[in-house]
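K.L.:
My questions will all concern the structure given below.
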Amino acid sequence: PAPRGVPQIEVTFDIDANGILNVSAQDKSTGKVNKITITNDKGRLSKEEIEKMVHDAEKFAAADEHARKVIEAKNGCENYAFSLKASLKDAEGIGQKLSADDKTKLEEAIEKLVKWLDANPRAETAEYDAKKAELEAIANPIISKAYGQGAGGMP
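Heads up: take any position in the sequence shown, counting from 1, add 99, and you land on this note's numbering.
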């Protein structure tokens with residue numbers, strides 16, 4: 100017996116050869132029975148429809164993969180630019196270690212990339228990678244020089 104206040108319900112599932120599901124539920128304490136029949140017609144996909152969907156998914160997999168790579172490249176480019184911009188503004192970040200000229204050069208390069216991203220929302224992966232590499236080519240020597248100055252003359 101179940102604890103007081105918890106109904107004891109017996110549920111029966113029966114599937115016939117035509118794929119029709121009969122479900123019945125009986126409350127043991129009251130004897131009340133509810134039944135439902137679920138047929139395999141309305142609102143369900145046929146085997147042909149399922150096969151077509153699988154075929155379409157396979158057909159578009161290459162396009163989906165290409166789109167994923169483009170989005171990852173764009174996001175990588177944006178994230179690099181904005182994290183660099185944030186570190187320039189950080190009171191204890193790299194911005195405090197840079198000369199005014201280097202800081203201006205870096206800010207201009209970041210702004211140039213951000214404007215390019217806004218103007219080219221449908222660029223390809225190679226374009227995003229090339230633009231990120233351009234910014235890295237400007238930023239890396241400046242950042243290396245700034246951290247090299249703070250290192251205190253290490254050999």
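Glycine included, C-beta positions come from ideal geometry on N, C-alpha and C.
Note that the structure is a prediction, hence the values are computed from the model and not measured.
If I measure Cβ to Cβ from T111 and keep anything under 6 Å in the same chain, skipping five residues before and after, which residues do I get?
P.N.:
Result list for T111: S123, in chain order.
K.L.:
Looking at the structure shown, is A245 part of a helix, part of a strand, or coil, going by DSSP?
P.N.:
If DSSP states are grouped into helix, strand and coil, A245 belongs with the helices.
K.L.:
With three or more C-beta pairs closer than 8 Å as the rule, is the region 222-241 touching the region 176-192?
P.N.:
At 8 Å Cβ cutoff, the stretches touch.
K.L.:
Taking only the alpha-carbon atoms, compute the straight-line gap between E109 and K127 and give it to the nearest angstrom.
P.N.:
Cα-Cα distance, rounded: 7 Å.
K.L.:
Taking all protein chains shown into account, decide if A161 is buried (16 or more other Cβ within 10 angstroms of its Cβ) or exposed.
P.N.:
The residue is exposed, with fewer than 16 neighbouring Cβ atoms inside 10 Å.
K.L.:
Tell me whether the region 149-160 and the region 206-222 touch, counting them as touching only if at least three CB pairs, one residue from each stretch, are closer than 8 Å.
P.N.:
The region 149-160 is not in contact with the region 206-222.
K.L.:
Among D228, S243, V132 and G130, which residue has its Cα nearest to the Cα of V169?
P.N.:
Cα-wise, what sits closest to V169 is D228.
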